[in-house]
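Residue numbers (this note's numbering), protein chains in the order written: chain A, 1 to 300; chain B, 1001 to 1300; chain C, 2001 to 2300.
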Amino acid sequence: MAAPGLGRCMARTGVLPLSQAWGRAPRLPPSPLPAQRRAFSNNKILVELDESAGVATMKFKSPPVNSLSLDFLTEFCISLEKLENDRACRGVILTSAVPKIFSSGLDITEMCGKSTEHYAEFWRAVQEMWLRLYSSNMVTVAAVNGSSPAGGCLIALTCDYRIMAENPKFSIGLNEAQLGIVAPFWFKDTFVNVVGHRVAESSLQLGSLHPAPEAHRIGLVDELVPEEKLKDRATAVMQKWLALPDHARQLTKTMMRKAVLDRLVAHREEDVQNFISFISKESIQKSLRMYMEMLKKKKS
Amino acid sequence: MAAPGLGRCMARTGVLPLSQAWGRAPRLPPSPLPAQRRAFSNNKILVELDESAGVATMKFKSPPVNSLSLDFLTEFCISLEKLENDRACRGVILTSAVPKIFSSGLDITEMCGKSTEHYAEFWRAVQEMWLRLYSSNMVTVAAVNGSSPAGGCLIALTCDYRIMAENPKFSIGLNEAQLGIVAPFWFKDTFVNVVGHRVAESSLQLGSLHPAPEAHRIGLVDELVPEEKLKDRATAVMQKWLALPDHARQLTKTMMRKAVLDRLVAHREEDVQNFISFISKESIQKSLRMYMEMLKKKKS
Amino acid sequence: MAAPGLGRCMARTGVLPLSQAWGRAPRLPPSPLPAQRRAFSNNKILVELDESAGVATMKFKSPPVNSLSLDFLTEFCISLEKLENDRACRGVILTSAVPKIFSSGLDITEMCGKSTEHYAEFWRAVQEMWLRLYSSNMVTVAAVNGSSPAGGCLIALTCDYRIMAENPKFSIGLNEAQLGIVAPFWFKDTFVNVVGHRVAESSLQLGSLHPAPEAHRIGLVDELVPEEKLKDRATAVMQKWLALPDHARQLTKTMMRKAVLDRLVAHREEDVQNFISFISKESIQKSLRMYMEMLKKKKS
């Protein structure tokens, strides 16, 4: 079911791109006018690259809620890899094309009533997404223009910087506990790196979804701006980060994130097995089915 | 001197109860009216269990200052174990029945002029109290209704959530350094998990006792309420935490606390020996005797 | 080029002085009037010891910008060692005698166009300075009375407490990334211990120089005072810290800092080799030369 590209994409895992930073050749200067803008889109993510600025935007367009299905994750990894290898791209802004939602997190239909092989494939794609994004050589800015529970929150946490629309109706958090499931250790490590141990401990135990103002107060997002200014602000922040020489910034990022990245790389297969044995439990399957029923009723 | 129950209680150490979480059978529904309330009290702690709410309260009633003697610690561990094994109990609120004091911390008379064997037995009981409380499957809320130095502060830090009476005359902190002694590494680890490294470093070096408003500002307690509302607020907070499914919450707690728990489990006997050799020094004995003299004079 | 004292000074490395704390004999009481004040000065640092208070001041006087040359670092280590071994000294205040600058950090001329042996000697002196200061038995207070980029910021971070003049024109930060270089891991570890992971990550990647008010807001400095009150405030803070018994405070400090100190001690030679191979790169040499050119032009 995985797109052909994901094989290569996965094969590269463990060799984190940052280790290649030193050998990187100097970038070619951006081409002159007309400003180069390229867009490529598959089904679920629209990617626009502004070559003159060196900045790409990845817009999630998988209605109704940008859930992280296997297809979405596969497309995400392929798109990110393309940008990573594109000398014209130094930074990427992640945002949503769906109103009111950034991403609703992992797609529950991928975790319900499927085969062990499917669970394994799905979980490896989730890991892959995080490994690539957390270790990206590019500057990564999340422009969170809607609610962002669970895996959606993880995507934001995994970026270098988080800007959120200051709408108190939008909330963000790792709310897995509310569904009776447990965030994996690398979700937790990423969260602790951002908000510290005390806040992470109670937020994860309570499965809290923090309204934007609270998310800002606890450091879960770095700043709030009115929704209509979110795009411009993300561009301005990106410019500030790109003013720094790439090599030093990339090496610094590796230094900060290596311990947490290495931990998943070292326990990756174990983590897949844990996920499978957890998700295969009848009690968990049952509560996921009930949750899906509830969502369906809500919809209709 | 230890109550007979403590033997079993200690024998279980190392097998932290959380590892059994998955195997736990579903709880029976609470019985109908009349609301079941059971109380058991030994000498030093009054335990009340509200079965309909699934919440117990442990009230320290060992005047004048709820000091953590061997008897107190033994009773604490036995009471906690009973609740832990009681399916009717999902959360416990820790508070004091003695006005103005939550707990004054370790009982100095247990550390002064006693045998090596006594020091060892006492220190194992301190470790046991912390190991059980920090790894408890239950939701643990500290309702800090008075001052809480040293070991008293540790009890609060070891809970999931801390509410303190907003009386600026009440203070809380790990003030061991003021007495010329050093907080053990697992006091420190617990403290760092709550307030972060910088605050912990200066607070521990200065042996700071933080008045309630300051304790709140640095994150040492999660919220302040007027003393007369403390009990109601603790009950409301407990309700919020108990709204979550137990399993997911318990596993999340284990994930957050395991590293720090494992560190003491791995170095437990070494830590006992360190305590004995430290506390047996004539210089330390002398300063503890002087401190006790001072307390006696204050009292008379 | 190193002063003869540095050999001994370096030979002691790895045996951190704190490990000797327990064996230390009791201090002699301070001598009576006239108050004993001793001063010793070499070229770059003025050291004044107030024996009655037990407090020394180390004043950096190496214009124009107190840059950390090999000579400066050597003198710093020797001065600190003298004070460390002087029973009359229990605390040291670090400040600058040069207006508007605390210290500009590592001297770039030591890293540009020199031999491999020189780079190694220089880098060992930087490590030595940090190892001695971070593990000092004395209370260390930074009175930051001017800007303090890079290595200057490191000196402040390495103290127990940081007070900064509240002048918004003064800034402080680990801005290495701005110059295209990367702060070593032990700069990073020290920084994370003070400001936490999230702030450290973005500040290091951006090479941020934080104006005093912002530095205070993020916890990089502990308090701001008007410049004319900085000296008095540093003395008052020192008094508060010295009110504690030395042994307990020193052991607490070791406990808090040991993990980070041990990491450099274990990888010290590797860290020297990393520095040499990094600094010897033609691209890095080139950007340092350009930076020095820029500074020269500014000056003339």
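The beta carbon of each residue, even a glycine, is placed where N, CA and C say it ideally should be.
Inspect the beta-carbon positions of Leu1174 of chain B and Ser1203 of chain B and report whether they are closer than 8 Å.
In contact: Leu1174 of chain B and Ser1203 of chain B (Cβ atoms closer than 8 Å).
Which of the three DSSP states, helix, strand or coil, is assigned to Ala1088 of chain B?
Here Ala1088 of chain B sits in coil by DSSP.
Count the CB pairs spanning the segment 1097-1112 of chain B and the segment 1142-1153 of chain B that are closer than 8 Å, and state whether there are at least three.
yes
Going by DSSP in three states, Pro2149 of chain C sits in which element: helix, strand or coil?
strand
What three-state label does DSSP hand Leu288 of chain A in the structure shown?
helix
Step through the CB atoms of chain C and report whether any lies within less than 8 Å of the CB of Pro1206 of chain B.
Residue identity differs from the one stated: residue 1206 of chain B is Leu in this sequence, not Pro. Cβ-Cβ to chain C under 8 Å: yes for Leu1206 of chain B.
In chain order, what residues of the same chain have a beta carbon less than 6 Å from the beta carbon of Pro211 of chain A, not counting five sequence neighbours either side?
Correct list, in chain order: Pro168 and Ser171.
Among A:Glu282, A:Thr190, A:Asp160 and A:Leu68, nearest to Glu223 of chain A - alpha-carbon criterion:
A:Asp160
So what's Val2192 of chain C in DSSP terms, helix, strand or just coil?
helix
For Leu2244 of chain C, the three-state DSSP class (helix, strand or coil):
coil
Starting from the Cα of Ala2177 of chain C, find the closest Cα among C:Phe2191, C:Ala2150, C:Gly2196 and C:Asp2189 and give me that residue.
Answer by Cα proximity: C:Ala2150.
When the Cα atoms are used, what is the spatial distance from Ile1093 of chain B to Trp1241 of chain B?
12 Å
Measuring CB to CB, does Asp1246 of chain B end up less than 8 Å from Arg1090 of chain B?
yes
Contact residues within the segment 133-163 of chain A, judged by C-beta distance below 9 Å to chain C
If the cut-off is 9 Å between Cβ atoms, the segment 133-163 of chain A has Val139, Asp160 and Tyr161 near chain C.
Is it true that the segment 2186-2206 of chain C meets the segment 249-259 of chain A, where meeting means three or more beta-carbon pairs spaced less than 8 Å apart?
yes
Please state whether DSSP places Met138 of chain A in a helix, a strand or coil.
coil
Grouping DSSP H, G and I as helix and E and B as strand, with all else coil, what is Leu2209 of chain C?
coil
Which of helix, strand or coil DSSP assigns to Trp2022 of chain C:
Only weak support is given to the placement of Trp2022 of chain C: the predicted model assigns it a pLDDT of 28, under 50, and the question is left unresolved by the model.
By a C-beta neighbour count over all protein chains shown, 10 Å radius and 16 as the cutoff for buried, is Met2138 of chain C buried or exposed?
buried
Reducing DSSP to helix, strand and coil, say where Asp1271 of chain B ends up.
Helix at Asp1271 of chain B.
Report yes if the C-beta distance between Glu1084 of chain B and Ser1148 of chain B is below 8 Å; otherwise report no.
no
Three-way DSSP call (helix, strand, coil) for Lys1297 of chain B in this model
helix
Short-range partners of chain C found in the segment 167-195 of chain A, where Cβ spacing is below 8 Å
Val192, Asn193, Val194 and Val195
Check the Cβ-Cβ distances between Ala2200 of chain C and every residue of chain A, and say whether any is below 8 Å.
yes
Would you report the Cα separation of Ile284 of chain A and Lys1229 of chain B, rounded to the nearest angstrom?
39 Å
Let's test the definition: count the other Cβ atoms within 10 Å of the Cβ of Arg257 of chain A and tell me whether it reaches 16, buried, or not, exposed.
buried
Can the beta-carbon of Met1164 of chain B be found less than 8 Å from the beta-carbon of Ala1236 of chain B?
no
Per-residue contacts from His2197 of chain C into chain A (C-beta, under 9 Å)
Val192, Asn193, Val194, Gly196 and Met256
Is the separation between the beta-carbon of Ala56 of chain A and that of Leu46 of chain A shorter than 8 Å?
no
Distance check for Asp189 of chain A and Ala88 of chain A, CA to CA, integer angstroms please.
Between Ala88 of chain A and Asp189 of chain A, the alpha-carbon positions lie close to 32 Å from each other.
Restricting to Cα atoms, I'd like to know which of C:Met2238, C:Val2260, C:Lys2286 and C:Gly2113 is closest to Trp2130 of chain C.
C:Val2260
Of all Cβ atoms in chain C, is any one closer than 8 Å to the Cβ of Arg249 of chain A?
yes
Which residue comes first and which comes last in the beta strand (DSSP E) that contains Phe2060 of chain C?
Val2055 to Phe2060
Rounded to the nearest angstrom, what separates Met2290 of chain C and His197 of chain A at their Cα positions?
Going by the C-alpha atoms only, they are around 43 Å apart.
Roughly how many angstroms lie between the CA atoms of Ser1067 of chain B and Asp1107 of chain B, to the nearest whole one?
5 Å
Candidates B:Lys1297, B:Asp1050, B:Leu1288 and B:Cys1112, of which the one nearest Leu1179 of chain B by Cα
B:Leu1288
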